[in-house]
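Since the structure comes first, as structure tokens, the remarks are kept for the end.
There are 4 protein chains.
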Amino acid sequence: MNDILQIISNTLEQRKAVDSEKSYVASLYQKGLNKILEKVGEEATEVILAARDAEVSGEKNELVHEVADLWFHTMVTLSYLNVDFNDVLAELAKRHK
Amino acid sequence: MNDILQIISNTLEQRKAVDSEKSYVASLYQKGLNKILEKVGEEATEVILAARDAEVSGEKNELVHEVADLWFHTMVTLSYLNVDFNDVLAELAKRHK
Amino acid sequence: MNDILQIISNTLEQRKAVDSEKSYVASLYQKGLNKILEKVGEEATEVILAARDAEVSGEKNELVHEVADLWFHTMVTLSYLNVDFNDVLAELAKRHK
Amino acid sequence: MNDILQIISNTLEQRKAVDSEKSYVASLYQKGLNKILEKVGEEATEVILAARDAEVSGEKNELVHEVADLWFHTMVTLSYLNVDFNDVLAELAKRHK
Chain H
1 MNDILQIISN TLEQRKAVDS EKSYVASLYQ KGLNKILEKV GEEATEVILA
51 ARDAEVSGEK NELVHEVADL WFHTMVTLSY LNVDFNDVLA ELAKRHK
Chain G
1 MNDILQIISN TLEQRKAVDS EKSYVASLYQ KGLNKILEKV GEEATEVILA
51 ARDAEVSGEK NELVHEVADL WFHTMVTLSY LNVDFNDVLA ELAKRHK
Chain E
1 MNDILQIISN TLEQRKAVDS EKSYVASLYQ KGLNKILEKV GEEATEVILA
51 ARDAEVSGEK NELVHEVADL WFHTMVTLSY LNVDFNDVLA ELAKRHK
Chain F
1 MNDILQIISN TLEQRKAVDS EKSYVASLYQ KGLNKILEKV GEEATEVILA
51 ARDAEVSGEK NELVHEVADL WFHTMVTLSY LNVDFNDVLA ELAKRHK
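Protein chains in written order, with my numbering: chain H, 1 to 97; chain G, 1 to 97; chain E, 1 to 97; chain F, 1 to 97.
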């Protein structure tokens, strides 16, 4: 299952050659970095709110969805800037192994 | 290398039993959810600024560091709320496979 | 011109009695605090991006618009929670006079 | 009391000529726009968390403090970029009067 990040990364790379009307990611690439970063900011806020909700309700689904959204849009950011997400995993490995 | 997320998750779980003076994560757990979420907000902002810098300079290291910080603190959030990060990967797999 | 904040505050109070289909603010109130705070997070991100753009371009209009949006949505937050924005001005006066 | 924003704006302008070791604002100016915008992001997150706390507790002081911090750091942003905060009030007046 861990390979899902690699699968997403490959898909993001392929979207660079796709018509922006046929793909959400291609449309984000076409709008440019600010639009992608607005999504990162939005999703970070939604993680914060969902975490506060989860602490009260014990219900975790919304939080899982919002963290998935946030990680996905950080991967779009990396892909847009031609940075390999494996460099992030390598940085985490350097710190935590 | 993908297993690094599982290694971090295991480490975060172990930190719950550690003296808050002896571990950064244990001190975050002890301060509570708001302090953890402040870090998520801070790191999201730093990702946004580092992405803008990387677009201009072509230098990627700072962005890699900030995304690592952001992913790490979202994992602290999940761990604090007893949510398995594998649920996030499963959600991403459901959407993108 | 400074009285614009008081005018906005009065308008926000009046919107509490208005049909949510007839007013943007009334619809925000009806959706609840999370939706209002999502707007605060979004607008903060847009201020950050517009400030970075303004530094490069020297063009200030977008930044002025985004700060106006951010201040407005913090006033909606205060109004929703029945906090007088004058308490914020009083706190600033206490610190800076 | 509304004049407090003008007083702050004047003070921020004067800080541009002050030694960065003798003033918090002068030190922010010296560190540059990214550091100022990190503060905007931090304070926006703290407003969001304080608003959620205020909704539960009914206690408003923390929210008032955090909104004051956020407005102050947006004014530092404007001042750093030589944008008059009165342009923001004028924009709000145009929309809401």
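Backbone N, C-alpha and C define an ideal beta-carbon position, used for all residues, glycine too.
Thinking just about the alpha-carbon of each residue, which of G:A93, G:S79, G:V88, G:H96 is nearest to the one in L33 (chain G)?
-> Restricting attention to G:A93, G:S79, G:V88, G:H96, the CA atom closest to the CA of L33 (chain G) is found in G:S79.
Using only alpha-carbon positions, find the residue among F:L81, F:E42, F:E55, F:E43 that is nearest to G58 (chain E).
-> Nearest Cα to G58 (chain E) within the set F:L81, F:E42, F:E55, F:E43: F:L81.
Among E:L49, E:F85, E:H65, E:L12, which residue has its Cα nearest to the Cα of D84 (chain F)?
-> E:H65
Nearest CA to the CA of T63 (chain E): which residue from F:L37, F:E43, F:A26?
-> Reading off the sequence shown, one finds Leu at residue 63 (chain E), where the question assumed Thr. Looking at the Cα atoms, F:L37 is the closest of the given residues.
Give a yes or no on contact between the stretch 10 to 29 of chain H and the stretch 40 to 55 of chain G, applying the rule of three or more CB pairs nearer than 8 Å.
-> no
Put K39 (chain F) into one of helix, strand or coil per three-state DSSP.
-> helix
T45 (chain H) at chain E interface by Cβ criterion, 8 Å | yes
Status (buried if at least 16 other CB within 10 Å, exposed otherwise) for K39 (chain E) | So K39 (chain E) ends up on the buried side.
Determine the direct distance from the alpha carbon of E55 (chain F) to that of V25 (chain E), and round the result to whole angstroms.
-> 18 Å
Is the distance from the Cβ of T74 (chain E) to the Cβ of V67 (chain F) below 8 Å?
-> yes
Hey, how far is the Cα of A90 (chain H) from the Cα of I4 (chain F)?
-> 50 Å
Which word fits A17 (chain F), buried or exposed, when buried means at least 16 other C-beta atoms lie within 10 angstroms of its C-beta?
-> exposed
Counting contacts by CB-CB distance shorter than 8 Å, is E21 (chain E) in contact with chain H?
-> no
Can you name the start and end residues of the alpha helix (DSSP H) that V86 (chain H) belongs to?
-> A small correction: the amino acid at residue 86 (chain H) is Asn; Val does not occupy that position in the sequence shown. Taken as a continuous stretch (DSSP letters only), the alpha helix (DSSP H) holding N86 (chain H) covers 85 to 96.
Thinking just about the alpha-carbon of each residue, which of H:Q14, H:K22, H:A44 is nearest to the one in T77 (chain G)?
-> H:A44
Any idea what DSSP makes of D69 (chain H), helix, strand or coil?
-> Assigned with DSSP and collapsed to three states, D69 (chain H) falls in helix.
For a contact meaning CB atoms closer than 8 Å, what does I48 (chain G) contact in chain E?
-> Chain E residues near I48 (chain G): T45, I48, L49.
Could you check how far apart the C-beta atoms of L70 (chain G) and F72 (chain H) are, in whole angstroms? I think they sit under 8 Å.
-> Between F72 (chain H) and L70 (chain G) the Cβ distance is about 13 Å, and since that is not below 8 Å, they are no contact.
Rounded to a whole number of angstroms, what is the C-alpha to C-alpha distance between Q6 (chain G) and I7 (chain F)?
-> 53 Å
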